[in-house]
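Quick mapping for you: the protein sequence lines, in order, are chains A and B. Quick note: the first sequence, position 144, residue 175 per my numbering, numbers continuous. Quick note: the second sequence, position 248, residue 279 per my numbering, numbers continuous. The beta carbon of each residue, even a glycine, is placed where N, CA and C say it ideally should be.
There are 2 protein chains.
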Amino acid sequence: MPATIRDVARASGVHISTVSRTFSAPHLVNPETRNRVLACAERLGYRPNRAARALITGRTHNIGLIVADIANPFFPPLIKAAESQARQRDYHIFVADTNEDPAVEEDLVHALAKQVDGVLLCSPRMSNSLIEQLSREVPLVVINRQVAGLPAVVMDVGQGARLAIEHLTGLGHRDLALLAGPRGSWTSREIRRSATAAARAAEARLTVLGPNAPTEDGGFAMAEQVRRTGATAVLTYNDLMAIGLLEGLDALGLRVPQDISVVGIDDIALSRLTRPKLTTVATPTAAAGRTAVDMLLQHDKSASPRTGRGRSGTSDDRRTTAQVTLQTELVIRDSTGVGPAAPAHRAGPAAAADRYATSPAVPGSHGHADPGSAAPATPDVVVS
Amino acid sequence: MPATIRDVARASGVHISTVSRTFSAPHLVNPETRNRVLACAERLGYRPNRAARALITGRTHNIGLIVADIANPFFPPLIKAAESQARQRDYHIFVADTNEDPAVEEDLVHALAKQVDGVLLCSPRMSNSLIEQLSREVPLVVINRQVAGLPAVVMDVGQGARLAIEHLTGLGHRDLALLAGPRGSWTSREIRRSATAAARAAEARLTVLGPNAPTEDGGFAMAEQVRRTGATAVLTYNDLMAIGLLEGLDALGLRVPQDISVVGIDDIALSRLTRPKLTTVATPTAAAGRTAVDMLLQHDKSASPRTGRGRSGTSDDRRTTAQVTLQTELVIRDSTGVGPAAPAHRAGPAAAADRYATSPAVPGSHGHADPGSAAPATPDVVVS
DNA sequence: ACTTCTCCTGCAAACCTTTGCAGTACCCCT
DNA sequence: AGGGGTACTGCAAAGGTTTGCAGGAGAAGT
Chain A
32 MPATIRDVAR ASGVHISTVS RTFSAPHLVN PETRNRVLAC AERLGYRPNR AARALITGRT
92 HNIGLIVADI ANPFFPPLIK AAESQARQRD YHIFVADTNE DPAVEEDLVH ALAKQVDGVL
152 LCSPRMSNSL IEQLSREVPL VVINRQVAGL PAVVMDVGQG ARLAIEHLTG LGHRDLALLA
212 GPRGSWTSRE IRRSATAAAR AAEARLTVLG PNAPTEDGGF AMAEQVRRTG ATAVLTYNDL
272 MAIGLLEGLD ALGLRVPQDI SVVGIDDIAL SRLTRPKLTT VATPTAAAGR TAVDMLLQHD
332 KSASPRTGRG RSGTSDDRRT TAQVTLQTEL VIRDSTGVGP AAPAHRAGPA AAADRYATSP
392 AVPGSHGHAD PGSAAPATPD VVVS
Chain B
32 MPATIRDVAR ASGVHISTVS RTFSAPHLVN PETRNRVLAC AERLGYRPNR AARALITGRT
92 HNIGLIVADI ANPFFPPLIK AAESQARQRD YHIFVADTNE DPAVEEDLVH ALAKQVDGVL
152 LCSPRMSNSL IEQLSREVPL VVINRQVAGL PAVVMDVGQG ARLAIEHLTG LGHRDLALLA
212 GPRGSWTSRE IRRSATAAAR AAEARLTVLG PNAPTEDGGF AMAEQVRRTG ATAVLTYNDL
272 MAIGLLEGLD ALGLRVPQDI SVVGIDDIAL SRLTRPKLTT VATPTAAAGR TAVDMLLQHD
332 KSASPRTGRG RSGTSDDRRT TAQVTLQTEL VIRDSTGVGP AAPAHRAGPA AAADRYATSP
392 AVPGSHGHAD PGSAAPATPD VVVS
């Protein structure tokens, strides 16, 4: 029913190749002819079939973006950044959600494979070997994970976790807990590794609890267990869990930060709205999205315009597969306070602020977060 | 570089059609042959090219889902519901975000057109005529909008707005304000229409402010203007704006609900976490997502397997294009209280609760929202 | 032994484009 | 008049798959 190139050719009395050129290389066709063709196309409502075009050119001008859970506020900023970056380069982004399920993840890569020029794999839960295998099917860029031989952009959560632990031990906490993330998460492993090391260095005890669902519910459910560890400070895999934990602790009658301190990771917009405001590790999600798109597109210059004269030449120009690491920083707000071993003259949530350079500029989105006219509005303290 | 059907055929010594059948109609090929083919395919890492397959079958088994703003918590539940429904029917969903920009919206429909079997257009900002035109290019189901001749699923926000206004006037408010949504939003028009009528019926004054960006910032920015209207109660286009407004009013030193009442629309998860908890109109987003997928797939049975013998037959089986309307309900929490004209013996936020049947069951997601052990935990009051 | 079936496989057209190559027409120079 | 451009257009192959049709082989029925 929809008009094809042939219909337009017939209607305007030219060969289909001329119609094709009218759209993909207008300068090659006589202005007069071109206008006639365009008019017919317009009249018939013709649009080039992108699937057919992709079949022969090998380029779809689409990018797939697979995320673990679209409902996690961590992802939207990344998605939006990727989209705008892609749009600038005349590409479109198709997003898909895996529900944290590795099987769905694999399935989606296959589904996207031939309809996109590459896939951005965000926080994948699959095994490394599977990812490598899939990368032979479609160009891949992984985000929040390192896979040998694949381009990747990771946020340095290891450093962030270290900062968080140092912040807590600096406040006098000696008994720490870590709420780990989901099984298969590279990020969770990094956090655990780094937090463990930092705790050991500070001679503090660290209990790791998990794996857990990286959601509010996941955090809420662990409140009781956290209490049982006797920890006076907790680091969580992400902000959502921290927020759930906040609620859970509240339900248990524990006050934050007086009885127990909580630190999240991600710095989602929501973490500024909780009571108390959440101390957290800020990750540069937007930058990650942009970078990933750039890496994919750059690596992608080696198009395959028709098979040409066969597999001659050195098609294996697997140039240095870059791995970009983005820095993180600690944003100190109100959910962390002094611990039992703290110097006596210090007290209150913000007591530790003076240990660091005070740069009140916080890179977040909501400029109005600290209205200024209302409560004292302690500015965020940022450590990096 | 990736293996094609021809490679597999050559390797297993059969014709390509046999390979094709091995994958798309296994029962038609001798088990022995089939195994040989499968083995070769496995060895070569062959995967059918979905684009090529779509070209000839006319079916991609993909569905496009276009939303206005993926960062708005309203959408993820809808997306997830659509995804799981689609997955059940062996379809994949590709999501794209328009940034609230009608031009991007149109562009995306074109980009998706030939790569999906249909597009779910969620809260479109385009003109009706443009939508109709696009619907000739690819099957469309619109969500949160009514377009003549197109299948649609809408949530009855009109009814919701009416309930909200009646709730407020019932509490004794006589001066109301409405924070409208973005230009081009059908939902916003519906709300406005219905709210105006309800206010008139109750002989209350209603000031409409807008259009506004449907975000926290959008709500925050209007606090001052709301105050200037002298209204004692406000209804907002969505929860995000209501939450922003809450912050804005707080910054102005106005107390909610003592000085001013606020009602949102959507009942996003976040609205249960604000202080005070937000009174809001709950919309059945998940059901909408599921329904939309079903409508698309059902309307889609009329596949076009090859052009066959031409345009014979009655291809114009444009069967009754259904329009489904989903009910909404009012969830009364703590952001609404009595107004100046209220009976004297009533006071406090929950004072109006007894006016309605008290059904504490709220359909939301977070089962732990009311821990029970903590504060009195007033259960949500639901009106529908 | 002949027909009729069933089961399997191959052939080739079709889907909608893009693009290298070749051909035509015309103009400009010398 | 002849040579060399330039500007445009047509031809046909190619991309990877599906599928109606027909043919071959063997089994079963008469």
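At the level of alpha carbons, what is the spacing between valine 188 of chain A and glutamine 354 of chain A? What you label residue 188 of chain A is simply residue 157 of the first sequence in a count that begins at 1. What you label residue 354 of chain A is simply residue 323 of the first sequence in a count that begins at 1. Rounded to whole angstroms, valine 188 of chain A to glutamine 354 of chain A spans 15 angstroms at the Cα level.
Three Cβ pairs or more, each shorter than 8 angstroms: is that satisfied between the segment 89–97 of chain A and the segment 125–133 of chain A? Yes: at least three Cβ pairs fall under 8 angstroms.
Are the beta-carbon atoms of leucine 210 of chain B and glycine 261 of chain B separated by less than 9 angstroms? Looking up residue 210 of chain B in the second sequence gives position 179. Looking up residue 261 of chain B in the second sequence gives position 230. Judged by beta-carbon spacing, glycine 261 of chain B lies beyond the 9 angstroms limit of leucine 210 of chain B, meaning their Cβ atoms are not closer than that value.
Here's a check: name, in chain order, each residue in its chain whose Cβ is nearer than 7 angstroms to the Cβ of threonine 352 of chain B, leaving out the five neighbours to either side. Within the second sequence, the letter at position 321 stands for residue 352 of chain B. Excluding residues within five positions, the ones whose Cβ falls inside 7 angstroms are Gly180, Leu181, Pro182.
Where in the segment 139–170 of chain A do unbroken runs of the beta strand (DSSP E), each at least 3 residues long, occur, reported from the N-terminal end onward? Taking 3 residues as the minimum length, the beta strand (DSSP E) runs contained wholly in the segment 139–170 of chain A are 150–153, in order along the chain.
DSSP three-state assignment for aspartate 281 of chain A, whether helix, strand or coil: Taking the first residue of the first sequence as 1, we reach residue 281 of chain A at position 250. Aspartate 281 of chain A sits in a helix when the DSSP states are folded into three classes.
Residues of chain B with CB under 7 angstroms from glycine 203 of chain A, in chain order? Translated into the one-based positions of the first sequence, residue 203 of chain A becomes position 172. Correct list: empty, because the minimum Cβ distance to chain B is about 28 angstroms.
Glycine 215 of chain B - DSSP class collapsed to helix/strand/coil: Residue 215 of chain B sits at position 184 when you count from the first residue of the second sequence. In the three-state reduction of the DSSP assignment, glycine 215 of chain B falls in the coil class, being assigned neither a helical nor a strand state.
Within 10 angstroms of the Cβ of asparagine 103 of chain B, are there 16 or more other Cβ atoms? Answer buried if so, exposed if not. Start at 1 with the first residue of the second sequence, and residue 103 of chain B comes out as number 72. Classification for asparagine 103 of chain B: buried.
Endpoints, the beta strand (DSSP E) within which arginine 236 of chain B is located: Counting from 1 along the second sequence, the entry for residue 236 of chain B is found at position 205. Arginine 236 of chain B -> beta strand (DSSP E) spans 236–240.
Who are the near neighbours of threonine 367 of chain B in its chain, counting only those whose CB is closer than 8 angstroms to its CB and skipping five residues on each side? By one-based count along the second sequence, residue 367 of chain B stands at place 336. Hits under 8 angstroms: His198, Leu199, Leu202, Ala264, Pro288, Ser292, Val293, Val294, Thr310, Pro380, Ala383.
Taking 8 angstroms as the cut-off, does the segment 159–172 of chain A touch the segment 300–314 of chain A (at least 3 CB pairs, one atom from each stretch)? Too few Cβ pairs lie closer than 8 angstroms, so no.
Taking only three categories from DSSP, how would you classify aspartate 411 of chain B? To locate residue 411 of chain B, count along the second sequence from 1; it is residue 380. DSSP places aspartate 411 of chain B in coil when its eight states are reduced to three.
Relative to the C-alpha of glycine 370 of chain A, which candidate in A:Asp325, A:Val60, A:Arg205, A:Tyr122 has its C-alpha closest? To locate residue 370 of chain A, count along the first sequence from 1; it is residue 339. Of the listed residues, the one whose Cα sits closest to glycine 370 of chain A is A:Arg205.
CB threonine 218 of chain A to CB methionine 253 of chain A, shorter than 9 angstroms? Position 187 of the first sequence, counting from 1, holds the residue named residue 218 of chain A. Position 222 of the first sequence, counting from 1, holds the residue named residue 253 of chain A. With respect to the 9 angstroms criterion, threonine 218 of chain A and methionine 253 of chain A are not classified as neighbours on the basis of their beta carbons.
Going by DSSP, which residues form a beta bridge with histidine 123 of chain A? Within the first sequence, numbered from 1, the residue matching residue 123 of chain A stands at position 92. Paired residues: A:Asn93.
Please report the straight-line C-alpha distance between arginine 84 of chain A and threonine 227 of chain A, rounded to a whole angstrom. Position 53 of the first sequence, counted from the start, is the residue given in the question as residue 84 of chain A. Position 196 of the first sequence, counted from the start, is the residue given in the question as residue 227 of chain A. Separation of arginine 84 of chain A and threonine 227 of chain A (C-alpha to C-alpha, rounded to the nearest whole angstrom) is 53 angstroms.
Excluding the 5 residues preceding and the 5 following serine 415 of chain A in the sequence, name in chain order all residues of the same chain whose CB lies nearer than 8 angstroms to its CB. Here the question's residue 415 of chain A lines up with position 384 in the first sequence. Sequence-distant partners of serine 415 of chain A (beyond 5 residues in either direction) whose C-beta falls short of 8 angstroms from its own C-beta, in its chain, are Leu194, Gln358, Thr359, Glu360, Leu361.
C-beta atoms of alanine 25 of chain B and leucine 151 of chain B nearer than 9 angstroms: In the structure as shown, chain B begins at 32 and stops at 415. Residue 25 of chain B is therefore absent and cannot be evaluated.
Would you report the Cα separation of arginine 52 of chain B and serine 115 of chain B, rounded to the nearest angstrom? Along the second sequence, one-based indexing puts residue 52 of chain B at 21. Along the second sequence, one-based indexing puts residue 115 of chain B at 84. Straight-line spacing of the CA atoms in arginine 52 of chain B and serine 115 of chain B works out to 29 angstroms.
According to the neighbour-count rule (16 or more other Cβ atoms, all chains shown, within 10 Å of its Cβ), is histidine 447 of chain B buried or exposed? For residue 447 of chain B there is no data in the structure shown, the boundaries of chain B being 32 and 415.
DSSP three-state call for serine 343 of chain B: helix, strand or coil? Locating residue 343 of chain B in the second sequence gives position 312, where the first residue counts as 1. Low confidence applies here, because serine 343 of chain B scores a pLDDT of 34, under 50, leaving its location unreliable; read the following figure in that light. Coil at serine 343 of chain B, not helix or strand.
Quick one: which chain B residues come within Cβ less than 7 angstroms of isoleucine 124 of chain A? Against the first sequence, residue 124 of chain A aligns to sequence position 93. The contacting residues are Ala127.
Among B:Ser216, B:Cys71, B:Arg258, B:Arg231, which has the Cα closest to the Cα of asparagine 269 of chain B? The residue given as residue 269 of chain B occupies position 238 in the second sequence. When only C-alpha atoms are compared, the closest one is B:Ser216.
Chain B contact for arginine 377 of chain A (CB, 9 angstroms cutoff): In the first sequence, residue 377 of chain A corresponds to position 346, counting from 1. Because the pLDDT of arginine 377 of chain A is 46, which lies under 50, any placement of that residue in the model is unreliable, and the number read from its coordinates should be weighed accordingly. Interface with chain B (9 angstroms Cβ-Cβ cutoff): arginine 377 of chain A is excluded.
Between glutamate 73 of chain A and chain B, is the shortest Cβ-Cβ distance under 9 angstroms, so that the two count as touching? As a working note, residue 73 of chain A is residue 42 in the first sequence. So no, glutamate 73 of chain A is outside the interface.
Let me see if you follow: with CB-CB separation under 9 angstroms, is glycine 320 of chain A close to chain B or not? Start at 1 with the first residue of the first sequence, and residue 320 of chain A comes out as number 289. No, because no Cβ of chain B sits closer than 9 angstroms to the Cβ of glycine 320 of chain A.
Taking DSSP's pairing of strands, which residues face valine 293 of chain B in a bridge? Here residue 293 of chain B refers to the residue found at position 262 when the second sequence is read from its first residue. DSSP lists B:Val265 as partners of valine 293 of chain B.
Does threonine 345 of chain A get closer than 9 angstroms to chain B when you measure Cβ to Cβ? Residue 345 of chain A sits at position 314 when you count from the first residue of the first sequence. Only weak support is given to the placement of threonine 345 of chain A: the predicted model assigns it a pLDDT of 37, under 50, and the question is left unresolved by the model.
Under 9 angstroms between the Cβ atoms of leucine 271 of chain B and proline 245 of chain B? Your numbering for residue 271 of chain B matches position 240 in the second sequence. Your numbering for residue 245 of chain B matches position 214 in the second sequence. The beta carbons of leucine 271 of chain B and proline 245 of chain B sit closer together than 9 angstroms.
Counterpart residues of leucine 271 of chain B in DSSP-defined beta bridges: Working through the second sequence from its first residue, we reach residue 271 of chain B at position 240. BP columns for leucine 271 of chain B are empty, so no partner.
Using a C-beta cutoff of 9 angstroms, does serine 115 of chain B count as contacting chain A? As a first step, residue 115 of chain B is located in the second sequence; it is residue number 84 there, counting from the start. The Cβ of serine 115 of chain B sits closer than 9 angstroms to at least one Cβ of chain A.
Inspect the beta-carbon positions of leucine 207 of chain A and alanine 235 of chain A and report whether they are closer than 9 angstroms. Numbered from its first residue, the first sequence carries residue 207 of chain A at position 176. Numbered from its first residue, the first sequence carries residue 235 of chain A at position 204. Contact flag set, yes.
Are the Cβ atoms of threonine 322 of chain B and valine 178 of chain B separated by less than 9 angstroms? In the second sequence, residue 322 of chain B corresponds to position 291, counting from 1. In the second sequence, residue 178 of chain B corresponds to position 147, counting from 1. With a cutoff of 9 angstroms on beta-carbon distance, threonine 322 of chain B and valine 178 of chain B are scored as not near each other.
On the CB-based measure, 16 or more other CB atoms within 10 Å of its CB, does glutamine 119 of chain A come out buried or exposed? Within the first sequence, the letter at position 88 stands for residue 119 of chain A. Per the 10 Å Cβ criterion, exposed.
Whole-angstrom distance between serine 154 of chain B and valine 324 of chain B, CA atom to CA atom: Taking the first residue of the second sequence as position 1, residue 324 of chain B is located at position 293. Taking the first residue of the second sequence as position 1, residue 154 of chain B is located at position 123. The straight-line gap from Cα to Cα measures roughly 15 angstroms.
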